[in-house]
Amino acid sequence: KSVLTVSTILDGEFGLSDVCLGVPAIVGEAGVERILSVELLTTEQAALERSAEVLREAIAQIKVTE
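My numbering puts the first residue of the sequence shown at -5, with every later residue one more than the last.
Structure below.
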């Protein structure tokens, strides 16, 4: 088992859902076992939320052009 930053789908962690972002997690033989909860500065939380929004916008654009 290792602690790594990996892109995984969030389900309420960091106040975000239905988006994959790089977050610290415990990774084992079968993949992500647990996302680690870390306290973020206000600026870090805002940047994470902006990253999620950029990804959602990109996904929406892809869905429109399919």
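Heads up, the beta-carbon is just placed ideally off N, CA and C, and yes, glycines get one too.
Note that this is a predicted model, so its numbers are computed, not measured.
Which residues does DSSP list as the beta-bridge partners of residue i?
i	result
Ala19	Leu(-2) and Ile29
Asp5	Ser11
Using three-state DSSP, classify residue i as helix, strand or coil.
i	result
Leu42	helix
Ala54	helix
Leu34	coil
Excluding the five sequence neighbours on either side, which residues of its own chain have a C-beta within less than 6 Å of the C-beta of residue i, listed in chain order?
i	result
Asp5	Ser11
Tell me which residues share the same chain as residue i and place their Cβ nearer than 8 Å to its Cβ, disregarding the 5 neighbours each side in the sequence.
i	result
Leu42	Phe8, Leu10, Leu15 and Leu34
Leu30	Val(-3), Val17, Pro18, Ala19 and Ile20
Quick one: residues in its chain with C-beta nearer than 7 Å to the C-beta of residue i, no 5 flanking neighbours on either side, listed in chain order?
i	result
Arg50	Val13
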